[in-house]
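According to UniProt numbering, the sequence shown holds residues 1 to 837 in order.
By construction, the Cβ of each residue, glycine as well, lies at the ideal position given by its N, Cα and C atoms.
Structure, as C-alpha cells:
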Amino acid sequence: MDKYELYCLVDPCFYDTLEHSTAEDADFPLVREPVPAGWSNALTDTWCYYAPDNEPPLPAQGWKIHVSARVEDAEKAIAAVWDYCVPRGIAFKFLRGTPVLVMVNSKAASRASSGKLITVYPRDEGQLELVLKELDELLRDVKGPYILSDLRYGTGPLFVRYGGFAERHTLSAAGERVLALEDGDGRLVPDVRGATFSVPPWTTLPGFLEPHLAARNAVTTSGLPYEIEKVLHFSNGGGVYLARDTRTGEQVVLKEARPHAGLDAAGRDAVSRLQHERDILRRLSGLPAAPALLDYFTLGEHHFLVQEFVDGTPLQRRLVHRYPLTRADRTDQDLADYTAWAVETSESVERAVESLHERGVVFGDLHPDNILLTADGRVALIDYEVATLAEDGGRAALAHPAFIAPPDRQGVDVDRYALACLRLGLFAPQCTIMLPLHRAKAAHLGEIVKETFPVPGHLVDAAVATVGADGEPVTMPESWPELRDAMCRAIVAAATPERDDRLFPGDVAQFQPGGGFNLAYGAAGVLFALHRAGLGPFPEYERWLREHARRPVQGSGLGLYDGLHGIAYVLDLLGHHQDADDLIEVCLREKWERLESALFSGLSGIGLNLLRSGRTDLALRAADICAERLAAPVPELSGGSNPKAGLMYGSSGPALLFLHAYEHTADPALLDLAATALRQDLRRCRHSADGSLQVNQGWRLLPYLDEGSAGIALVLERYLAHRHDEELATALAELRLAGQAGFFVQSGLFTGRAGMLAARTGDPREHIKGLRWHALPYGGGLAFPGDQLLRLSMDFATGTAGVLFALGTSLGDQPGHLPFLEAAPERPAPDELRKEV
1 MDKYELYCLV DPCFYDTLEH STAEDADFPL VREPVPAGWS NALTDTWCYY APDNEPPLPA
61 QGWKIHVSAR VEDAEKAIAA VWDYCVPRGI AFKFLRGTPV LVMVNSKAAS RASSGKLITV
121 YPRDEGQLEL VLKELDELLR DVKGPYILSD LRYGTGPLFV RYGGFAERHT LSAAGERVLA
181 LEDGDGRLVP DVRGATFSVP PWTTLPGFLE PHLAARNAVT TSGLPYEIEK VLHFSNGGGV
241 YLARDTRTGE QVVLKEARPH AGLDAAGRDA VSRLQHERDI LRRLSGLPAA PALLDYFTLG
301 EHHFLVQEFV DGTPLQRRLV HRYPLTRADR TDQDLADYTA WAVETSESVE RAVESLHERG
361 VVFGDLHPDN ILLTADGRVA LIDYEVATLA EDGGRAALAH PAFIAPPDRQ GVDVDRYALA
421 CLRLGLFAPQ CTIMLPLHRA KAAHLGEIVK ETFPVPGHLV DAAVATVGAD GEPVTMPESW
481 PELRDAMCRA IVAAATPERD DRLFPGDVAQ FQPGGGFNLA YGAAGVLFAL HRAGLGPFPE
541 YERWLREHAR RPVQGSGLGL YDGLHGIAYV LDLLGHHQDA DDLIEVCLRE KWERLESALF
601 SGLSGIGLNL LRSGRTDLAL RAADICAERL AAPVPELSGG SNPKAGLMYG SSGPALLFLH
661 AYEHTADPAL LDLAATALRQ DLRRCRHSAD GSLQVNQGWR LLPYLDEGSA GIALVLERYL
721 AHRHDEELAT ALAELRLAGQ AGFFVQSGLF TGRAGMLAAR TGDPREHIKG LRWHALPYGG
781 GLAFPGDQLL RLSMDFATGT AGVLFALGTS LGDQPGHLPF LEAAPERPAP DELRKEV
C-alpha cells in the first residue's frame with residue numbers, strides 16, 4: 001500500500017500529487033530556487049532531476065551514489081550535494097520534500113528503495129571514487145538509514161549500487177515490461193532492485209570498494225545465543241524472526257529495528273519505537289494479552305527485542321479462512337456459524353484490550369494482523385511500538401487505515417473506536433477504510449451487515465454509535481436512470497478541465513506519463529463509460545482529450561489500456577475518426593513490435609485496434625509475434641515464480657487477438673493458437689474449496705477481471721462459440737462459479753465486484769445489490785472508492801466510471817461490452833473471407 005499513501009497527502013477525497021499541494025512545506029526550499037545557468041531540471045511526483053546542458057550524455061548505466069539522510073539532516077545534505085555537483089557538472093537528483101522523504105522511509109515503504117534521499121551520477125569509476133571520497137568529508141555529520149540494496153561507503157551516509165542511469169525496458173521471464181540493464185553481451189536484462197546488495201555478473205566491483213564490502217560481510221549473527229529459524233515478517237523498519245534460544249531450546253520471537261528507518265507520523269524511527277515497546281512490555285509483564293519480554297540487545301547498529309513466542313493464528317488469517325461470503329457454496333448455516341464465532345471473538349478481543357487499559361496502556365494499533373488467537377483460547381495482542389499511556393491522553397503515530405480513529409479521539413477512546421471498527425470489519429472486511437471519506441458510511445454498513453448476517457442488531461448499532469455516523473445518509477438509487485444520472489453527477493463534479501495532467505481523478509497510475517489520458521485510468525476511459533451508458537455528449541471533455549492526444553506526453557504507453565491505442569479507440573467511437581487515425585500513425589512510428597504481448601499494454605491490444613482500423617497486415621504481424629512467444633518456454637508457478645494470468649496481463653489477451661484474427665481470416669491455425677494460449681492461463685489456475693476455478697498467485701486465488709478467472713472466462717466463452725470442447729466448457733463453468741461469491745473487497749472494474757458483473761459471472765442482481773457495500777455520496781451524486789479504498793476514484797479501471805459501465809451492461813438499453821469482447825460474430829465461409837482480404 002506504500003505507493004498509495006504518498007498520494008493521500010494532498011487531497012482528502014482523491015489521490016493526487018504533491019505538485020498540487022498548497023502546503024508550504026511540501027517541497028524542500030531548493031526546489032523553488034532558480035535552476036543554475038547552463039543546467040536543466042525536471043520534476044516528478046517524488047524527484048527533482050538536475051543535469052548540465054553542455055556536458056556529453058551520461059552512460060546508460062553504471063555505478064551510482066546514493067545519499068541517505070534522516071529528516072533533520074535532509075536539507076543540509078541536499079545543499080551540500082548541490083554546492084558540490086553544480087560547479088563540477090555532475091548530474092544528480094533528490095527527493096522533492098519532507099513528506100516524500102517520510103513516506104519512502106516509513107514502516108510500510110519498499111525496503112528496496114528506502115533511505116535514498118539523493119542520487120549522484122558519476123561518469124566513470126574514476127569520478128565515482130573521487131566523488132565518494134570528497135562527499136564523505138562534506139557529509140560526515142549527516143546521519144541516515146542504511147540503504148539495503150547498496151554497499152555502504154565507510155560509516156557515513158554514502159552508498160553505491162550498479163544500475164541504470166537512463167530508463168530502458170525489457171520483457172521479464174513472465175512477459176512483463178520491466179526496467180532494464182545491458183548485460184555483457186549487449187542484451188537488455190531486468191534491472192533487479194532487491195533489498196540486498198549484489199554485483200551484476202558482467203561487471204566487477206571497483207577495487208577501492210573491496211574493503212567496504214569486507215566490512216559489510218564482517219557483521220554476522222554468529223555468537224548470539226539465538227538461532228534464527230524463519231522470517232515471519234519484513235518491514236522497512238526491520239524484520240521479525242522466529243528463533244530458538246540455544247541455551248534453553250525454547251522458541252522466541254526476535255524483532256529487529258533499523259536506525260533512522262521505518263518512520264511513523266511523529267518522525268520516530270524503528271529503534272525509538274522498539275525501545276518504547278520494550279518499556280511497554282515491562283509494564284504489562286504477566287498479562288496474558290501481552291507477550292512476555294525476554295531480552296533486548298544490539299548487533300552492529302541494529303536493535304533486537306526478544307519476546308515470548310505465542311503459538312497462535314492471526315485473526316486476519318482466521319477471518320479469511322472462515323468468512324462465508326467469499327464462497328460460492330455458502331449456506332444459511334454457514335452464515336449463522338460465522339456470526340456466532342465473530343461475536344465471540346470480538347468480545348474476547350475487547351476483554352484483552354480492557355486488560356491493557358487496566359494497566360494504563362492504550363494499544364493504539366488494533367487490527368486483525370496484530371491479534372493472535374491460540375488453540376487454548378488465549379487472545380494475545382502483538383506489536384506495542386505505538387502504544388501510549390492512558391494518562392497522557394495521546395494518539396498513536398502509526399495505525400492501520402481501516403481502524404485509525406478520527407482526530408477527536410484520544411487515549412482509551414482510540415482503542416474503543418478500533419474495537420467498533422473491528423466488530424463491523426469482521427462482517428464487512430476492509431470496508432471501514434472508507435469511513436474517513438464519509439463517516440455516515442458506518443450506519444450504511446451497519447444496515448447491510450444486519451441484513452446479511454443473523455447478528456444481534458444491538459451489537460452492530462453500538463459499534464456504529466461508537467464510530468459516529470454523522471453526515472449525509474448513504475443511499476443507492478434503485479432505477480437505472482437515477483443510478484446512471486447520480487454517478488454522472490459525481491463524475492462531472494470531480495472533473496478538472498483546467499488541469500493538464502488529468503481530467504478526472506482516479507488511481508495513482510494516472511500520474512505515470514500519459515496516465516491521465518488513457519483508457520484504464522484517464523479521460524478516455526471515463527468518456528468511454530459515459531458513452532456506453534448512453535450519457536453525453538460532453539464536448540468540453542472530448543475537446544480536452546483530443547487536444548492532449550495531439551501532443552502525447554513523453555513516455556506515454558502505446559497499448560490499448562495504458563496508452564495511445566486505447567485513446568484512439570475511444571476517439572473513433574466518439575466520432576473523431578481523423579484524430580483516431582492520426583494517433584494510430586503516431587504509434588506506428590514507435591518500436592511497438594518490441595512490447596510485451598499483454599492486452600493491457602502490449603501487442604495483443606495493439607493488434608486488435610489495428611485490425612479494427614483496417615490495418616490487417618500489421619495486426620496479423622502482431623498476432624505472429626504473439627504466436628512466436630507462445631511457442632517459447634513459459635515459466636509456470638513454481639519456485640517462487642509468479643507468471644501473470646488473465647485477460648489484461650496473461651495469455652488470454654493474445655488468445656483474444658488470435659480469435660479476432662481467426663474471425664477475419666478463417667485460418668484454423670489461429671483458433672489452435674487461441675486454444676493453446678487459453679490452456680496456458682488455465683494451467684495457472686487452481687480450484688478453490690468451493691469448486692470454483694481461480695488464478696493461482698501462490699499466496700492467493702484471484703477471481704477478478706484483469707488477472708483472475710473472470711477475464712479468462714470472457715475469452716474462453718468466445719473461443720467456445722467457434723469450437724466445442726467439453727473440457728474447456730467445464731472449465732468455463734468453474735471459472736464463472738467464482739462470481740457467485742457474496743462479497744468482494746473492492747468495487748472496481750478490474751479488481752472488484754464491478755468486473756464480475758461486466759464479465760457476466762454470478763447473479764447480476766446480487767452484484768448490483770452488492771455494490772452498496774462501497775457506494776458513497778459525492779458532488780450531489782454517487783461515487784465509488786478506487787483501489788485500496790483510501791480515496792474516491794472516477795476512472796474506468798478502479799472507480800466510478802468502471803462501476804457505471806458494469807451496471808450499464810446489465811441495466812442499460814443496449815448490451816455493453818469491453819473493447820473487442822462483444823459477442824462473437826458468425827464466421828463467414830472461407831471463400832467469402834478470401835474475397836474480402
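Hey, would you say residue i sits closer than 8 angstroms to residue j, going by beta carbons?
i: Q694; j: L702; result: yes
i: D264; j: L356; result: no
i: G516; j: G786; result: no
i: Y541; j: L503; result: yes
i: F208; j: A529; result: no
i: L117; j: A51; result: no
i: A257; j: A266; result: no
i: S48; j: K3; result: Looking at the sequence shown, residue 48 is not Ser but Cys. Taking 8 angstroms as the Cβ cut-off, C48 and K3 do not qualify as a contacting pair.
i: L95; j: T46; result: yes
i: E663; j: A823; result: no
i: A741; j: L325; result: yes
i: L294; j: V306; result: yes
i: I90; j: F28; result: no
What separation, rounded to the nearest whole angstrom, lies between the Cα atoms of residue i and residue j?
i: C85; j: P57; result: 16 angstroms
i: G566; j: L519; result: 5 angstroms
i: G164; j: G156; result: 24 angstroms
i: L101; j: V71; result: 7 angstroms
i: E717; j: L678; result: 11 angstroms
i: Q410; j: A440; result: 21 angstroms
i: Q61; j: A109; result: 25 angstroms
i: I491; j: K769; result: 21 angstroms
i: L445; j: N41; result: 48 angstroms
i: Y561; j: F600; result: 5 angstroms
i: G607; j: R615; result: 9 angstroms
i: C431; j: V178; result: 33 angstroms
i: D500; j: H548; result: 8 angstroms
i: G639; j: L558; result: Confidence in G639 is poor, its pLDDT being 42 and thus under 50, which makes the residue's placement too unreliable to answer from.
i: G239; j: V231; result: 7 angstroms
i: L373; j: E75; result: 46 angstroms
i: S21; j: P497; result: 18 angstroms
i: P654; j: D667; result: 16 angstroms
i: R351; j: Q333; result: 27 angstroms
Based on DSSP bridge pairs, tell me the residues matched to residue i.
i: T17; result: Answer is none; T17 lacks a bridge partner.
i: D245; result: Y226
i: W47; result: L95
i: V42; result: Sequence check: residue 42 is Ala here, not Val. DSSP lists Y49 as partners of A42.
i: Q61; result: G164
i: E482; result: None; E482 has no bridge partner.
i: S106; result: L263
i: Q307; result: V253, L293
Give the secondary structure of residue i by DSSP, where H, G and I count as helix, E and B as strand, and everything else as coil.
i: E354; result: helix
i: I567; result: helix
i: V10; result: coil
i: N370; result: helix
i: F297; result: strand
i: A405; result: coil
i: V553; result: coil
i: residue 838; result: Only positions 1 to 837 of the chain appear in the structure, and residue 838 is not among them; the question remains open.
i: Y778; result: strand
i: P825; result: coil
i: P654; result: helix
i: E385; result: coil
i: M1; result: The pLDDT assigned to M1 is 39, lower than 50, so where the model puts this residue is not dependable; a value taken from the coordinates is nonetheless given after this. Coil, per DSSP.
Write down the C-beta distance between residue i and residue j rounded to the nearest angstrom, noting that I regard them as a contact closer than 8 angstroms.
i: D581; j: S556; result: That belief does not hold up - the Cβ atoms of D581 and S556 are roughly 18 angstroms apart, past 8 angstroms.
i: G97; j: G115; result: Wrong, their Cβ atoms sit about 16 angstroms apart, outside the cutoff.
i: S747; j: A754; result: 6 angstroms
i: D813; j: G536; result: That pair is no contact at about 15 angstroms.
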